[in-house]
């Protein structure tokens, strides 16, 4: 009897252990599935990055017809825009009135000058102890202090502006971090430029490379993104806006803690930009990059600067960050001089996203040409329009051309990360969810 009881107890223990092991396995499996789901949500960052497309649709990423349309658009862009302007009229440039400017300048030198900044762009060992002032957050100028002879020896030997001009960029893409990049797969178009300018942590890595490209030539970073780079070849330009920033930069160079291609922007460049815009406000990082590009590039294409983002896409293409009220107002205000620049320099500067900065009645399928500057401008606005679309004065994105239809909009929801006073609380998550309807404007289908 006792033996039978012992056997029964053993069986119960075995069953109990099996149940426990099974419970643990089920728990681990559920945990794994939960983490995988969270990782996917985090990577997609509130939007689907086109992964939910119907495979049978001609707008599918892998469709032969869609790839052919993209190749034709890139070829059209190369022939119409990514060409040298050796025969351009000298009057289309803003040449410096300096008496030393002579008629013996090369075409390259004249055509590169849209805004004739002469330097210094960055701090270097030959500048001397006194540094130009830099702007504070309130727009006032602040003295960074003096650089000792010992510290000066640790600065770069020459101005980064010299290296950039020696490389003679004919075409440059200035790529902002705007969510409008997600509306088009312009990665190959961006990489087709001689140089690509990016800002802060703007990335060319997956899954964003098909929207933003992979190439980075110059990167401008603020104090919150100091030291960020994605390759050893990038020329990184840091903003120094306080005496502490200067001390840290000099210290890091002395300890060889920074890349040899890490530079600090000079106060002379800040003054140059501020004198050309509203002197009471501080320009954005993107605006500084745009003025730099105008000083070293013959032609400029602007991507990711569209300001009509709120009800159509996210603020940044690669994260959930959204601006405070004052930041949003500053961004919107800067769209005015951007549009003016494109209007004033139609052979030198254009928006990469079609129809941004004003519409026009031109069509992507139009083959006729016009001699008027107005028609040329309208045509340029639609140079990167997808097949079957056109620009319209009332829209900042392409609309269906005759005989074509637009794809349905995609509803996207996210919890915005807000920037607040001080880097210690940078990126706080907003408890309120924001939803928007992202238009599908990179592919248009024929009406059946």
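Numbering (the working numbering), first residue to last: 3 to 450.
Backbone N, C-alpha and C define an ideal beta-carbon position, used for all residues, glycine too.
Asked: Beta strand (DSSP E) segment containing residue 223, residue limits; Found: 220-223
Asked: Separation of residue 187 from residue 293, as counted between CA atoms; Found: 26 Å
Asked: Option nearest residue 130 by Cα separation, candidates 419, 155, 404 and 259; Found: 155
Asked: Through-space distance from residue 120 to residue 362, alpha-carbon basis; Found: With a pLDDT of 40 at residue 362, under the threshold of 50, the modelled position of this residue cannot be trusted, and the question is left open.
Asked: Buried or exposed by the 16-neighbour rule on C-beta atoms within 10 Å, applied to residue 257; Found: exposed
Asked: Same chain, Cβ closer than 7 Å to residue 172, neighbours up to 5 away in sequence not counted; Found: 86, 196, 300 and 301
Asked: C-alpha distance - residue 440 paired with residue 334, whole-angstrom precision; Found: 20 Å
Asked: One or two residues paired with residue 239 in a DSSP bridge; Found: 222 and 265
Asked: Three-pair Cβ contact test at 8 Å for the stretch 243-256 versus the stretch 320-333; Found: no
Asked: Sub-7 Å separation of residue 405 and residue 449 beta-carbons; Found: yes
Asked: Selected residue, minimal CA-CA separation from residue 305, among 271, 239 and 201; Found: 201
Asked: Distance between residue 178 and residue 372 (C-alpha atoms, nearest Å); Found: Legend: pLDDT at residue 372 = 38, less than 50; position of this residue unreliable, value from coordinates given subsequently. Cα to Cα, residue 372 sits roughly 31 Å from residue 178.
Asked: Bridge partners - residue 409, DSSP secondary structure assignment; Found: 442
Asked: DSSP-derived helix/strand/coil call for residue 293; Found: helix
Asked: Buried/exposed call for residue 70, threshold 16 Cβ in 10 Å; Found: exposed
Asked: Residue 419, DSSP secondary structure in three states; Found: strand
Asked: Close-in-space but distant-in-sequence residues of the same chain around residue 61 (CB under 7 Å, 5 per side omitted); Found: 55, 68, 409, 445 and 447
Asked: One or two residues paired with residue 318 in a DSSP bridge; Found: 180
Asked: Neighbour-count burial assignment, residue 21, 16 or more Cβ in a 10 Å radius; Found: exposed
Asked: Contact the stretch 335-345 vs the stretch 203-218: 3+ CB pairs below 8 Å; Found: no
Asked: Beta-bridge pairing of residue 448 - partner residues as DSSP gives them; Found: 406
Asked: Other residues of its chain near residue 295: CB distance less than 6 Å, five sequence neighbours each side excluded; Found: 174, 176, 199 and 302
Asked: Inter-residue spacing [alpha-carbon to alpha-carbon] between residue 168 and residue 220; Found: 14 Å
Asked: DSSP beta-bridge partners of residue 173; Found: 301
Asked: Beta-carbon proximity check, residue 263 vs residue 279, cutoff 7 Å; Found: no
Asked: Close Cβ partners of residue 234 (< 7 Å) along its chain, the five nearest in sequence each way excluded; Found: 261
Asked: Residue 271 beta carbon less than 7 Å from that of residue 123; Found: yes
Asked: Residue 335: first and last residue of the uninterrupted alpha helix (DSSP H) it sits in; Found: 327-346
Asked: Sequence-distant residues of its chain with Cβ nearer than 7 Å to residue 298 (five each side left out); Found: 114, 166, 167 and 171
Asked: Continuous beta strand (DSSP E) stretch holding residue 197: start and end; Found: 197-201
Asked: Whole-number beta carbon distance between residue 84 and residue 246, since they are thought to touch under 8 Å; Found: Not confirmed; about 43 Å, so no contact.
Asked: Whole-angstrom distance between residue 151 and residue 180, CA atom to CA atom; Found: 42 Å
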